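Structure first, commentary second.
Chains as they are written, first to last, in our numbering: chain A, 32 to 303; chain B, 5 to 321.
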């Protein structure tokens, strides 16, 4: 190596587990935001979340004209912004690590001076930001404006709505972290997607058999399977109702931390 | 040479996958600034060795050092000083060649952007991809991917280049270009590479190691390997009754073996001799005085393929 040639460059100074992180983040960021991927995702989620909520809003207005109750809008947001997004996350994220392992790009990147922890963190961070922005935050803000302008609900308290949106963000991150973790544990995209799907239905239908499941259910952050008995945490924050239990929130946060920790631990032990 | 003079050194490096022993107690020494060919049949343990050196696999036992750093403990520091071309070159398909090389360079250098851009252009020129530099990799042929693979491996001025089958998917012109690049790079770096193309090895390598079934069979400078055990082989084509002459020739103390083959009335002998001078002086006259007509006589040049096959077959016995 020619010393003069190398002296022209500033060396990467990251140390420890962060080695390679900046460049990995830059690469993932470019893949999402410097291509049409981001816009396509945003359009899909605007169509699903805001399009469906628009239809619900029209149905509410039409029902009101006839003196009937329309669909409960915030409950419906729990379905479109919660359940639909969760399944979208499973589809988007199932390929993130598995595809890279199968294609050999993970092995190629790991032959460079990067740590495996940085690799996992970069995939988690950029995919989370991209998904949360396109599927939760932008549609959420548009929904707030739509409800304020066109619905009987009027201008909801902004802080309460923001807190409700945080619940949707947490719920979405739960599925992102879970699918990422599954990508380190399993080798096929189908099984990486299947396990979270099964878990979703366990949380949806399980509490009717084992009522205690409701207290560790992430889906209760956005959607209540029994709305006459309890409201989802997001709805409670938006409407100012008392929260029936903080345990689902706590359990979701703890689960997210565990999923990320397991993903990093497992990826550090994988061989390529 | 002391251990620090070697760019790669391994001590009883082993790796098993369940009951399969992919690599058994490998002791390898790769001298600095050499072009070192690592040969073996399919499944011999070559790629396993490379992955162990890169930290993509962990050894079951034994240890190794690259540039004086431990392959397990200091893996990231090692990877900061080497370049690697995988056997099956897979990159991010949406990137252009230029973007991919800049992305690779940024694992090593934070800036300045202009210098990184200049280095990327140098690499594109080195591997002859100027016309394709700004096209997405997904449209590249196998040969173009291989060239790009070599460029990304060299982008950080590595002290050691590890190339897994660098010429595998190239046409003869591409192969020639790759060999020329390797020869050009030898001034600056040590090259450790696997290949099945033994002609290429003979052309550019200084040192050769051969593995078979996970075990190191031999490691030597290429000249020593081609010189073999000291036996030379003479090929003679004869006409007439060769039986009597065969016994007479075999009785000579400098003859170690004769392999015979017959085509019509012609008999061809491959005479292995331990003393070249004695053979040059006496073999021809022995044949002629036996009444045989000699239509062809010459020393057979041993090439690496002959040596490789002999060594692999010998190790399997």
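C-beta atoms are modelled at their ideal positions from N, C-alpha and C, and glycine is treated no differently.
The structure presented is a predicted model; accordingly, all values stated were derived computationally and were not measured.
Would residue i and residue j be called neighbours here (beta carbons separated by less than 7 Å)?
i	j	result
residue 114 (chain A)	residue 224 (chain A)	no
residue 12 (chain B)	residue 70 (chain B)	yes
residue 151 (chain A)	residue 62 (chain A)	no
residue 82 (chain A)	residue 91 (chain A)	no
residue 218 (chain B)	residue 26 (chain B)	yes
residue 323 (chain B)	residue 134 (chain A)	With chain B represented from 5 up to 321, any question about residue 323 (chain B) goes unanswered, as that position is not in the structure.
residue 206 (chain A)	residue 286 (chain A)	no
residue 32 (chain B)	residue 63 (chain B)	no
residue 107 (chain B)	residue 157 (chain B)	no
Between which two residues does the alpha helix (DSSP H) carrying residue i extend?
i	result
residue 58 (chain B)	50-58
residue 161 (chain B)	Element bounds for residue 161 (chain B): n/a, residue is neither H nor E.
residue 37 (chain B)	Where residue 37 (chain B) is concerned, there is no enclosing alpha helix (DSSP H), given that its DSSP letter is neither H nor E.
residue 174 (chain A)	169-181
residue 207 (chain A)	189-216
residue 49 (chain A)	Note, residue 49 (chain A): premise wrong, no alpha helix (DSSP H); not H, not E.
residue 39 (chain A)	No alpha helix (DSSP H) contains residue 39 (chain A), which DSSP labels as neither H nor E.
residue 89 (chain A)	83-96
Give a yes or no on whether the minimum CB-CB distance between residue i and chain B is below 7 Å.
i	result
residue 41 (chain A)	yes
residue 54 (chain A)	yes
residue 47 (chain A)	no
residue 117 (chain A)	no
residue 297 (chain A)	no
residue 64 (chain A)	no
residue 37 (chain A)	yes
residue 303 (chain A)	yes
residue 82 (chain A)	no
residue 315 (chain A)	No information on residue 315 (chain A) is available, as it lies outside the stretch 32 to 303 that chain A covers here.
residue 58 (chain A)	yes
Using only the alpha-carbon positions, how far apart do residue i and residue j sit?
i	j	result
residue 253 (chain B)	residue 290 (chain B)	7 Å
residue 109 (chain A)	residue 141 (chain A)	40 Å
residue 263 (chain A)	residue 142 (chain B)	46 Å
residue 112 (chain B)	residue 45 (chain B)	34 Å
residue 99 (chain A)	residue 183 (chain A)	13 Å
residue 101 (chain B)	residue 145 (chain B)	12 Å
residue 37 (chain B)	residue 58 (chain A)	33 Å
residue 178 (chain A)	residue 234 (chain A)	29 Å
residue 72 (chain A)	residue 165 (chain A)	6 Å
residue 103 (chain B)	residue 138 (chain B)	8 Å
residue 132 (chain B)	residue 158 (chain A)	36 Å
residue 22 (chain B)	residue 281 (chain A)	41 Å
residue 138 (chain A)	residue 115 (chain B)	25 Å
residue 244 (chain B)	residue 238 (chain B)	19 Å
residue 214 (chain B)	residue 203 (chain B)	15 Å
residue 123 (chain A)	residue 34 (chain B)	45 Å
residue 105 (chain B)	residue 51 (chain A)	15 Å
residue 74 (chain B)	residue 227 (chain A)	40 Å
residue 235 (chain B)	residue 279 (chain B)	8 Å
residue 196 (chain B)	residue 81 (chain B)	18 Å
residue 147 (chain B)	residue 98 (chain B)	18 Å
Please decide whether residue i counts as near chain A, where near means a Cβ-Cβ distance under 7 Å.
i	result
residue 61 (chain B)	yes
residue 107 (chain B)	yes
residue 84 (chain B)	yes
residue 115 (chain B)	yes
residue 88 (chain B)	yes
residue 80 (chain B)	yes
residue 322 (chain B)	The structure shown does not extend to residue 322 (chain B), since chain B spans only 5 to 321, so no value can be given for it.
Over the uninterrupted beta strand (DSSP E) stretch that includes residue i, give me the two end residues.
i	result
residue 69 (chain B)	65-70
residue 115 (chain B)	113-115
residue 299 (chain B)	297-304
residue 211 (chain B)	211-216
residue 219 (chain B)	219-225
residue 102 (chain B)	Taken as a continuous stretch (DSSP letters only), residue 102 (chain B) belongs to no beta strand (DSSP E), being part of the alpha helix (DSSP H) at 101-109.
residue 249 (chain B)	It is not in any beta strand (DSSP E) - residue 249 (chain B) instead sits in the alpha helix (DSSP H) that spans 247-254.
residue 235 (chain A)	Note, residue 235 (chain A): premise wrong, no beta strand (DSSP E); alpha helix (DSSP H) at 220-236.
residue 273 (chain B)	270-277
residue 172 (chain B)	Run containing residue 172 (chain B): none; DSSP gives neither H nor E here.
residue 119 (chain A)	Careful: residue 119 (chain A) lies outside any beta strand (DSSP E), inside the alpha helix (DSSP H) at 116-124.
Selection of the stretch 134-149 of chain A by Cβ proximity to chain B, strictly under 7 Å: The stretch 134-149 of chain A vs chain B, Cβ under 7 Å: 134, 135, 136, 138, 139, 141, 142, 143, 144, 145, 146.
At a Cβ cut of 9 Å, what residues of the stretch 118-134 of chain B count as close to chain A, listed as they run along the chain? From the stretch 118-134 of chain B, only 119, 120, 122, 123 have a Cβ closer than 9 Å to chain A.
With 7 Å as the C-beta to C-beta threshold (strictly closer), list the residues of the stretch 91-104 of chain B near chain A in chain order. Within the stretch 91-104 of chain B, the residues whose Cβ lies closer than 7 Å to some Cβ of chain A are 92, 94, 95, 96, 98, listed in chain order.
Select from the stretch 33-66 of chain B all residues with a C-beta closer than 9 Å to any C-beta belonging to chain A, and list them in chain order. Within the stretch 33-66 of chain B, contact with chain A at the beta-carbon level (separation under 9 Å) is assigned to 55, 58, 59, 60, 61, 62.
Taking a Cβ distance cut-off of 8 Å, strictly less, list which residues of the stretch 155-182 of chain B are near chain A, in chain order. Among the residues of the stretch 155-182 of chain B, those with a Cβ less than 8 Å away from any Cβ of chain A are 161, 162, 163, in the order of the chain.
Could you name the residues of the stretch 292-317 of chain B whose beta carbon sits closer than 8 Å to any beta carbon of chain A, in the order they occur along the chain? Of all residues in the stretch 292-317 of chain B, none has a C-beta nearer than 8 Å to a C-beta of chain A.
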